[in-house]
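A.B. asks:
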C-alpha cells in the first residue's frame, strides 16, 4: 500500500516531499526539471500556444521545461505558435538570476548601517538624502 502526501507527486524525483511553491516543475511524466514555459491549446483554431511561464498554474495548461518546450510538436493539421523563442537562453540564466535574488534577499540594502534620526536631511525634489557629517 502506498501512502501519498497531499501536494506531492510520486512519479517525480523527490517524491514524498512537498513541492516548493515557487518552483513549478515540468508537466511531462518523469521530468523533474524547472518549468520555463506554459503550453495551452486553442481547439477552435487547432493551435498549440507555447509562451512564457504563466504567473499562476491554471487548469488545462501544461508547464514545460526548456528541453520539452524546444522539442514540442503538434498533431497533424495543428499549428504551434511560440511566443517566447528564447526559452533555452532564459533557462540558462535562471540559475544566475536565482543566485542574485538570494544575495539581495540575504542582506538588505543598507544592512549594518545605523541611521541617526536627528541628522540633518537634505531635500532634493522627491528624494531625501541623509548626510554623513562626521
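Numbering (the UniProt record's numbering), first residue to last: 1 to 134. By construction, the Cβ of each residue, glycine as well, lies at the ideal position given by its N, Cα and C atoms. No experiment lies behind these values; they were computed from the predicted model shown.
1. Which two residues bound the contiguous beta strand (DSSP E) that contains residue 63?
2. So what does DSSP say about residue 69, is it helix, strand or coil?
3. Per DSSP, which one or two residues make a beta bridge with residue 83?
4. Does residue 43 come out as helix, strand or coil in the three-state DSSP assignment?
5. How would you call residue 63, buried or exposed, if buried means at least 16 neighbouring beta carbons within 10 angstroms?
6. Give the secondary structure of residue 34 by DSSP, where H, G and I count as helix, E and B as strand, and everything else as coil.
7. On the three-state DSSP scale, how would you describe residue 59?
8. So is residue 39 buried or exposed if we call it buried at 16+ other beta carbons inside 10 Å?
9. Check whether the Cβ atoms of residue 77 and residue 44 sit closer than 8 Å, and answer yes or no.
10. For the candidate residues 72, 80 and 52, whose alpha-carbon lies nearest to that of residue 28?
11. Could you check which residue in 56, 36 and 53 has the C-alpha nearest to that of residue 66?
12. Please report the distance separating the alpha-carbon of residue 119 from that of residue 132.
13. Give the secondary structure of residue 75 by DSSP, where H, G and I count as helix, E and B as strand, and everything else as coil.
C.D. replies: Reading it off the structure:
1. 62 to 64
2. helix
3. None, per the DSSP bridge assignment.
4. helix
5. buried
6. strand
7. coil
8. buried
9. no
10. 72
11. 36
12. 8 Å
13. coil
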